[in-house]
Structures are given as C-alpha cells and as structure tokens.
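S.K.: Take a look at this one; I'll ask things after.
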Amino acid sequence: MRKKSSPQSEQEGHPRGVDLAEVEQLLAFMEKHGLEEFEYERDGIRVRLKKPSTHSQNATRAFALHDVHAAPGSSHTPAHGVPAASQAGVHGLSASAHVPEDLHVIKSPIVGTFYASASPGADPFVTVGAQVTSGQALCIIEAMKLMNEIESDVSGEIVKIFAENGQPVEYGEPLFGIRERDKK
Amino acid sequence: MFRKILIANRGEIALRVLCACRELGVSTVAVYSEADRNALHVRFADEAICIGPPRSSDSYLNIPQVISAAEIANVDAIHPGYGFLSENANFAEVCEASHITFIGPSPEVIRLMGEKDRARQEMAAAGLPIIPGSPGVVPDEDAARKSAEEIGYPLIIKASEGGGGRGMRIVREKRDLVASFQTARTEAEQAFGSPNVYMEKLIERPRHIEFQVLGDRHGSVVHLGERECSIQRRHQKLLEESPSPVVDAKVRKKMGDQVVEALAKIGYSSAGTVEFLREDSGKLYFIEMNARIQVEHPVTEMVTGVDLVKSQIRVAAGEKLADVVGPIEFRGHAIECRINAEDPDTFVPSPGRITAFRVPGGPGIRVDTACYADAVIPPYYDSLIAKIIAHGRDRSEAIARMRGALGGFVVEGVKTTIPLHKRILADPDFAAGKFDTHFIERSIAVSAK
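For the record, the sequence lines run as chains A and B. First residue of the first sequence: 91, per my numbering; consecutive thereafter. First residue of the second sequence: 3, per my numbering; consecutive thereafter.
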C-alpha cells in the first residue's frame, strides 16, 4: 500500500492528479464498448468507473456477493448462491425478474402463510383469467394465527399467481400479477 | 440443544450469533429489512426471510413480523442480539406464548431491569450499593436540609421529570443549599411543568465500571470480571477494556461476589451486565443492569477465553453453568475500539457506500464486522462499522497492538472514528490509566481543535 501523506486522506477515496480529459476519454471508451464497469491503473494512479447498472438490484446483489472479503466467516465456502430458498421455501430474492413488465404486481405486506381460499376445500378467491376489481379479496395470509385478507388495489385480469396454496411468503414477495383495465 | 435459531438482528452481532450457532451445529434463520437485502447475515444464514421495509419500527422492531417469520421457518429459539427487541419484556412473553425459547433472561427480570428506579431499589435490597440520595421528591427546605445532612457534600439536585442538564444544581457547601434548592425548583417548573426535584450524592470524576455475568436456568450465576467503559462521548461508549486499570483482584472478588449473590436472588438466567459508577475514592455504586449480550462483550471473551454468545445459547437450552464455563480465569488485557461511520470530530453520522475495506490482523487482533468493500451503510440503523479487539499479555502490549491495528485498518468512502481512536491511544493520560467519563470532551475534543 502506498504511503498516505496525511491521515485525512484515509477518509477520502479521491486519487490525486487525475486528468479529467483522460477520464472523459475512458468514459467514451466504456460507452463505445458497452461497458458498465472499468478499472484502469497507470503510474500509481488507479481509476475505477462504474455506471448505474441496467439490471438494477439483482445485478448489484450478485456483484456485492462476489466482492465479499475480509469479513468474518469469509473462509466459509459459499455453497449455495441464494441463502433463502431451501427448506422453508422462502425466497431471499424478489421474483420481480420473472414479471412481464406491463403487469401490476400485488406483493405480500406481511410475513406469513399464503392461502388461496377462505377455508380448506373451498374454491380459491381467484384463478388465472379472473376479472377482479379494486378492493376485492385475492387471498389470505396467515400470520400469528390471524387470517389477513389481501385485497387488490387495481381492477383488471389475474394473469399470474406466484404463490402456491400453503406456501410461506416473506415481506414484499409477489403474489399476483394483474393486467390493469382502463389503464390510461 | 436447539435445532434451529432465528437471529432477530442485523450487522456484526447477527454474524457473531451465526458464528456461535455454526459451532454448535444449529441451523440459522436470518431476518432482514429491504435495506439489508445485500447484508452478510442474510448471505451466510441457512435461510433468510424479509420482514419489512427499512424503518426499524416496521421490520426489526415489528414483533408480529418476527414471530411470523419464526413460525414459518419453524425455529425453536430466537436470539435477539443487542438493541432492537433484546430488552423488550413483551417480546420475550410473546416468544414464550408461541413456544419459542427467547435466548435471554425471563420476561419478569427484563421488565424489572427496564424500570430503572425499581431495579435500583431491588438491587439495593439484594445487597448492592446505590448512590445515596433523598427518598424520592424533596418537598421543602427543611426536607432538603435533612437529606443533605444524610447524603453529604458535594451533592446534586435534579428535576424529577427532567433531563438534559436543566433543573440541575451542584451544591458544594451547606450555605449554598437553600438558594440552589429554590433555583432548581423554579427551573424545573419552567422547563418541565413540575417543580419536583430530588437530591443525590455527586460522583465527581466518575468512571464507568461494569461486571459481566452469566446465569443458568438452574439457579447458578458466575461473574466474568469487569470492563472499564469510561471512554465515552454523549453517554455512548467508544473504547472498552478488561480488566479496568483501577480494579485490583481484591476489589474484583469482593464486588464480583456481591453481584453474583444479588443476581442469584432475582433468578438471573442468561448473559448480562451490571453497571456501576466508580467515584475517586474507589467506591462503586450500582446504576443499572443490561439484560442482554453487549457490544463490548469480546474484551471479556478475550481475557477469560469464554465464548459468551455460545454460553448464552447453551444455558438457554437448559445446560448447567458448571458444564458450560467451568472455573473462570483471567489472562492478559484486552481493549476494544468501536469503529463507527461518523465524523471523528463532530460525531455526525456518515452513511454511504464503503469503497475500500481492509481489516487488520496479526497476533492478538480480532475484528468483528459485517462490512465489506462495496457494502452500503444505510442511514436507518446504528453507525457501527466494526469492532477491533486487541489482546496482549498486559495493558501496554494491548495498547501497542491496537495502535498497529488502527494503522492497518483502511476504510474508504465514509468517515470513521479511526482517527479519534488513534488520538485516544496516543494520549499520555489514557496510557497512564488516568481518565473518567468526561475524558473525550476534556482532552480529545479540545486538542482536535
């Protein structure tokens, strides 16, 4: 590691003596080749450029996970990619990646167990293809022995049901995909 | 032993609990807010469940969400860490009602320790010394004179409803008593709408000394020596060490035995900390008890060789203290520096993305952290980035190792308290062990200007 001239420089990440014109050139180079991240070192000066990712959160996560070092337990082999999934069937990642862009997604407002119908054996509240109106009950999430009805906040057609009857869901987990009616 | 534990916390303490669980062969469930999607406790736990939006009140403090997560993951115990729900008696009760073991003391004991006044009375009755004071509100001048005779000078008059220095008067001599008493009442009335004041012995140049204890569910309690936590700013601890430079083996044994006896009386059954103020004369006064694991627990682990978190889990599972810890021995000296994402001079929090992160190592160095390069310190929670713990044969070796470790710790992207710790460790009074709880304001903050 290079010697720091003052203790204060430790607090800042700015490399000194960087030529702005050179940075402009590098940015143009990144643009030309469609690069999202670029690192460059010469004469003891290191430049790292990173553009906001187009894949947003999921990409950031994947990147962050590989960048873990010097943390407790880092010697532990990362045997499984996403920790959640496994036994409880709870997903650590929001499934937003699988949602067609034009769908309105109803997400679970609480942690609990998803039930498609009001009681065992009864018909489900909704099925794929059903027309629903805003305020209509779509399912029940059971949390701490309480049955919470989850209502639709839009009117439209149920295109996708993400959760299965009896499945545990976490906060923010997608439950329904709805194609909105009369969307201006 | 438990099969599966839910860790109702985040940051370094969540990882610390995870470590202990792994050693014990217990599977782990992490819970997290949307702000912590990329956090390491989520990454390293066997399962992870999102329990709410970033705000603590909607996620880490949301009891129904945490219990629901525990139910869908089918855990048999919950470790609350420190902060958040760790000293919430109601949460401990809900756990009990849901047939989930709360890894901590009983709800009754948590509730007792949460009511500071009642805790002081109970502990005094159990044999611990408390700061001499008036029996409640001092109604008039005659009562003030009577109480002052009993307490002695100097004393302090405080507003019953108050705080923050208003309605407070220090009285050094008898002739100032009546005038100060009247001024304090007037100030209290104006500031808090009530003229009620009480009186207490003034502890000058106080040091914060605390005893680590561990109890089991069979009535046994042990102490694991003391920690010196006088290096604070705004009542927040910054640097802790064990043993205290001013507590010798005789005092340790005498006070430790008293603490153990008092806690056995109330049936304390987990890890906890009994806090004292020490006055110049060397006398210790009980102020409060923290009924949970503490941030600074590693210094005690380093000098005793006892894994406190693992022990806490084992006693919660019903194991006996004698099997869990055995006889306690003290070896060497340990210091902990809390590295916060804060401006080292103004103490203003400095959340943001960590761009570079390099932790120190070497003989006697331990680093507890949940940070990594490219991690984001969210603005919603506390600003702790890492704890560095240095252990040495004696205090001077521990200080030397800590100075080396601070020099080799690189954090870029956010401001940290590393420069402040370097100044503390370079201070001759600190090296000589001569300091009290006003050390930072007096010595360090001034010299920084």
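For every residue, glycine included, the Cβ atom is placed at its ideal position computed from N, Cα and C.
(1) Taking the alpha-carbon positions, what's the residue 394 of chain B to residue 407 of chain B distance?
(2) Looking at the structure shown, is residue 239 of chain B part of a helix, part of a strand, or coil, going by DSSP?
(3) Beta-carbon of residue 112 of chain A versus every beta-carbon of chain B: anything under 8 Å?
(4) Report the rounded CA-to-CA distance for residue 205 of chain A versus residue 231 of chain A, giving the unit in angstroms.
(5) Closest Cβ-Cβ distance between residue 261 of chain A and chain B: below 8 Å?
(6) What is the rounded straight-line gap between the Cα of residue 180 of chain A and the Cα of residue 208 of chain B?
(7) Helix, strand or coil for residue 156 of chain A? Go by DSSP, reduced to three states.
(8) Of all the alpha helix (DSSP H) runs that stay within the bounds of the region 88 to 153 of chain B, which reach a length of 4 or more residues?
(9) Please report how far the alpha carbon of residue 268 of chain B lies from the alpha carbon of residue 370 of chain B, in whole angstroms.
(10) Report buried or exposed for residue 139 of chain B, applying the criterion of at least 16 other Cβ atoms within 10 angstroms of its Cβ.
(11) At a Cβ cut of 7 Å, what residues of the region 244 to 272 of chain A count as close to chain B, listed as they run along the chain?
(12) Candidates A/216, A/200, A/208: which alpha carbon is nearest residue 55 of chain B's?
(13) Whole angstroms are fine: how far does the CA of residue 138 of chain A sit from the CA of residue 358 of chain B?
(14) Express the C-alpha separation of residue 48 of chain B and residue 285 of chain A in angstroms, rounding to a whole number.
(15) Rounding to the nearest angstrom, what Cα-Cα distance links residue 152 of chain B and residue 365 of chain B in this structure?
(16) What residue from B/293, B/317, B/59, B/330 has the CA that sits closest to residue 305 of chain B's CA?
(17) Residue 370 of chain B lies in the beta strand (DSSP E); which residues open and close that run?
(18) Which residues share a DSSP beta bridge with residue 291 of chain B?
(19) How would you list, in chain order, the residues of chain B whose beta-carbon sits under 7 Å from the beta-carbon of residue 201 of chain A?
(20) Just tell me which of B/13, B/228, B/375 has its CA closest to the CA of residue 260 of chain B.
(21) Going by beta carbon distance, what residues of the same chain come within less than 7 Å of residue 380 of chain B, once the five residues before and after it are set aside?
(22) Could you round the C-beta distance between residue 403 of chain B and residue 427 of chain B to whole angstroms and report it? I think they count as a contact, below 8 Å.
(23) Might you give, ordered along the chain, the residues of its own chain that have their beta carbon closer than 6 Å to the beta carbon of residue 355 of chain B, omitting 5 neighbours on each side?
(24) Quick one: is residue 234 of chain A near chain B, going by C-beta distance under 8 Å?
(25) List the whole-angstrom C-beta distance separating residue 161 of chain B from residue 194 of chain B, where the pair is believed to meet the contact cut-off of C-beta under 8 Å.
(26) Would you list the residues sitting across from residue 229 of chain B in a DSSP beta bridge?
(27) Mind checking which residues open and close the alpha helix (DSSP H) that includes residue 393 of chain B?
(28) Tell me the residue span of the alpha helix (DSSP H) that contains residue 120 of chain A.
(29) Thinking C-beta only, is residue 226 of chain B closer than 8 Å to residue 216 of chain B?
(30) What span of residues does the beta strand (DSSP E) with residue 35 of chain B cover, start to end?
(31) Answer yes or no: does any C-beta atom of chain A fall closer than 8 Å to that of residue 36 of chain B?
(32) Can you tell me whether residue 81 of chain B is buried or exposed? The criterion is at least 16 other CB atoms within 10 Å of its CB, across all chains shown.
(33) For residue 20 of chain B, which three-state DSSP category applies?
(34) Using only alpha-carbon positions, find the residue among B/248, B/311, B/301 that is nearest to residue 273 of chain B.
(35) Assign residue 66 of chain B to one of three DSSP states: helix, strand, or coil.
(36) Report the residue from B/163, B/180, B/181 whose alpha carbon sits nearest the alpha carbon of residue 196 of chain B.
M.R.: On the basis of the data shown:
(1) 13 Å
(2) strand
(3) no
(4) 6 Å
(5) yes
(6) Reliability fails at residue 180 of chain A, whose pLDDT of 42 lies under 50, so the model's placement of it is uncertain and the value that follows must be treated cautiously. Computed Cα separation, rounded: 51 Å.
(7) Residue placement at residue 156 of chain A is flagged as unreliable, the pLDDT there being 34, under the threshold of 50; a coordinate-derived value is accordingly withheld.
(8) 91 to 99, 109 to 116, 118 to 127, 143 to 153
(9) 33 Å
(10) exposed
(11) 258, 260, 261, 262
(12) A/200
(13) 12 Å
(14) The first residue shown for chain A is 91 and the last is 274, placing residue 285 of chain A beyond what the model contains.
(15) 52 Å
(16) B/330
(17) 367 to 371
(18) B/276
(19) 51, 53, 67, 70, 71, 74
(20) B/228
(21) 37, 56, 353
(22) No, residue 403 of chain B and residue 427 of chain B are not in contact; Cβ-Cβ is about 10 Å, not under 8 Å.
(23) 378, 415
(24) yes
(25) 6 Å
(26) B/212
(27) Segment 386 to 394 is the beta strand (DSSP E) holding residue 393 of chain B; no alpha helix (DSSP H) there.
(28) 110 to 123
(29) yes
(30) 29 to 35
(31) yes
(32) buried
(33) helix
(34) B/311
(35) helix
(36) B/163
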